[in-house]
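Worksheet: one structure, shown below.
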Amino acid sequence: AQLRRLAVRYVDEGRVVPTELDPFDASDGTVGPCIHTVNAQLIVPITRRAGGASWALMLHPEGLLCDVFVTHSWAEGIFEFTDKVLHTWPRTACHAYCCMLSNPQNLDIGCLVRNPRESPFAFALSQARYTLVVPNSRCSIYTRIWCVYEAYLSYDAGKAIITASSAKVQPLCIAGVFFAFSVATATLVSLCKYEIRKTWLAHDTWLFEWVQALFCLCGMCSILARHWPPVVFIHLVGAFLVGYTLGDLWDEPGHYIPENGGRWAFAACLFWYLNCAVW
2 AQLRRLAVRY
12 VDEGRVVPTE
22 LDPFDASDGT
32 VGPCIHTVNA
42 QLIVPITRRA
52 GGASWALMLH
62 PEGLLCDVFV
72 THSWAEGIFE
82 FTDKVLHTWP
92 RTACHAYCCM
102 LSNPQNLDIG
112 CLVRNPRESP
122 FAFALSQARY
132 TLVVPNSRCS
142 IYTRIWCVYE
152 AYLSYDAGKA
162 IITASSAKVQ
172 PLCIAGVFFA
182 FSVATATLVS
192 LCKYEIRKTW
202 LAHDTWLFEW
212 VQALFCLCGM
222 CSILARHWPP
232 VVFIHLVGAF
242 LVGYTLGDLW
252 DEPGHYIPEN
262 GGRWAFAACL
272 FWYLNCAVW
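Each residue of the sequence shown is one higher than the one before, counting from 2 in my numbering.
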């Protein structure tokens with residue numbers, strides 16, 4: 002995100018400009034200048050002034066462990082690249098190796114890659130848990146031989162290989178419709194059964210508390226789950242419980258809601274937000 006903001010500023014200030022090989026549109030905030038252009042006009046000048054180290058070492062001189070190995074072709078635009086990486090970032094990962102940022106771009110690193118098996122690329126990939134493949138709108142990344150080799154090493158080492166993608170509006174809209182439907186259905190169920198429940202629960206509030214506890218559990222699980230089938234199931238259950246809670250708090254809550262109902266309502270709102278945020 003920091004690199005994207007810096008690239009936007011440099012383009013706006015005319016410090017990153019189109020070239021014959023990269024005639025990008027300066028008003029386009031979706032793709033942007035390609036990585037070659039950003040490297041030559043932004044990364045190299047800044048790291049040169051900082052002593053010639055890589056961008057990563059300039060920011061973290063002590064170094065960081067590698068969780069994600071990013072493979073890309075350098076043909077993609079910087080905005081396209083950063084948006085896809087951030088949108089598809091593995092939830093349990095902290096740090097990444099990306100050649101344009103991890104290698105010293107002011108130096109001739111040809112000697113470091115003469116033996117591909119012993120190159121910085123191969124070593125970083127061996128330490129990473131994930132390989133993040135960043136496609137682009139201009140060409141296949143596998144037109145670059147290094148990307149082919151990195152894909153081979155990742156597969157051979159049994160790494161989790163993830164294809165990066167940008168956020169899509171249509172899936173988010175569909176998710177919102179399902180979420181709203183689940184909330185509305187559960188609210189109606191809760192309200193329709195009020196007359197029965199208010200007598201049964203006049204003195205026993207355990208059911209309300211169990212419903213809220215289950216909802217909070219769904220919210221926490223939605224943060225941990227990474228694969229789409231359990232995430233969808235957890236979110237739909239969580240949405241249903243949100244609606245049930247709304248029905249409880251809406252229809253004369255004083256009859257059967259426990260004294261700590263306010264805290265449960267706050268927890269419900271918090272995990273409702275988390276459910277929406279991680280979908």
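The C-beta atom is built at its ideal place from N, Cα and C for all residues, glycine as well.
Note to self: Can you tell me where the beta strand (DSSP E) holding I162 begins and where it ends?
What the structure shows: In the DSSP assignment, I162 falls within the unbroken beta strand (DSSP E) covering A161 to T164.
Next item on the list: Could you spell out where the alpha helix (DSSP H) holding T132 opens and where it closes?
Entry: Here T132 belongs to no alpha helix (DSSP H); instead the beta strand (DSSP E) covers Y131 to V134.
Checklist line | Endpoints, alpha helix (DSSP H) assigned at F82 | finding: I79 to H88
Item checked: Buried versus exposed, by CB contacts within 10 Å (16 or more), G111 -> So G111 counts as exposed.
Check: Taking just the CA atoms, how far does A2 sit from L87?
Finding: 8 Å
Note to self: I'd like to know whether the C-beta atoms of A97 and F70 end up nearer to each other than 9 Å.
What the structure shows: yes
Checklist line | Close-in-space but distant-in-sequence residues of the same chain around A168 (CB under 6 Å, 5 per side omitted) | finding: These residues qualify, in order along the chain: H88.
Check: Which residues mark the beginning and the end of the alpha helix (DSSP H) in which Y150 is found?
Finding: Note, Y150: alpha helix (DSSP H), I146 to D157.
Note to self: By alpha-carbon positions, which one of F80, S155, L7 and H73 ends up nearest to F25?
What the structure shows: It is F80.
Check: By Cβ distance below 7 Å, which residues in the same chain neighbour V45 in space, the five residues on each side in sequence not counted?
Finding: Q106 and N107
Check: What is the DSSP secondary structure of V17, counted as helix, strand or coil?
Finding: coil
Item checked: For L66 and A129, the rounded distance between their alpha carbons -> Their backbone Cα atoms lie some 8 Å apart in a straight line.
Next item on the list: Let me know if Y257 comes out buried or exposed under the rule of 16 or more other beta-carbons within 10 Å of its beta-carbon.
Entry: Here the model assigns Y257 a pLDDT of 47, short of 50, so the residue's position is not dependable, and the following value carries that caveat. Buried, because 16 or more other Cβ atoms sit within 10 Å of the Cβ of Y257.
Next item on the list: Determine the DSSP secondary structure at T72, reduced to helix, strand or coil.
Entry: strand
Next item on the list: Identify the continuous beta strand (DSSP E) that holds A41 and give its terminal residues.
Entry: Counting along the chain, no beta strand (DSSP E) covers A41, and no H or E run does either.
Notebook entry, point to check: Do A76 and R139 have their CB atoms nearer than 9 Å?
Noted result: yes
Note to self: Taking the alpha-carbon of T31 as reference, which of V12, E21, T20 and T48 has the nearest alpha-carbon?
What the structure shows: V12
Notebook entry, point to check: Assuming T72 and V135 make a contact with CB atoms under 8 Å, what is their CB distance in whole Å?
Noted result: 7 Å
Note to self: So, under 8 Å CB-CB, W56 and L102 are touching, yes? Tell me the CB distance rounded to an integer number of Å.
What the structure shows: 4 Å
Item checked: Closest residue to L154 among S141, L126 and L133 (Cα-Cα distance) -> L126
Note to self: Is the beta carbon of T83 closer than 9 Å to that of L22?
What the structure shows: no
Next item on the list: Could you pull the start and end residues of the beta strand (DSSP E) that A97 belongs to?
Entry: DSSP places A97 in the uninterrupted beta strand (DSSP E) bounded by A97 to C99.
Margin query: Output needed for L60: all residues of its chain with C-beta closer than 8 Å, excluding positions within five of it in sequence on either side, in chain order.
Written below: none
Notebook entry, point to check: To which residues of the same chain is S166 closer than 7 Å at the C-beta, ignoring the five residues directly before and after it?
Noted result: K85, H88 and T89
Checklist line | Closer than 9 Å to chain B by CB, E63 | finding: Looking for chain B here will not work: only one protein chain is present.
Next item on the list: Can you tell me which of the three DSSP states C112 falls into?
Entry: helix
Checklist line | Nearest to S120 (by Cα), restricted to the options T93, S141, E151 and Y143 | finding: E151
Item checked: Rounded Cβ spacing between Y143 and I163 (contact assumed at less than 8 Å) -> In fact, because the Cβ distance is near 16 Å, the residues do not count as touching under 8 Å.
Item checked: Contact set for P117: own chain, Cβ-Cβ below 7 Å, skip 5 residues either direction -> Excluding its 5 nearest sequence neighbours in each direction, P117 has C-beta neighbours in its own chain below 7 Å: A123 and Y150, listed in chain order.
Next item on the list: Out of N137, S141, L133 and R145, state which residue places its alpha-carbon closest to the alpha-carbon of Y156.
Entry: L133
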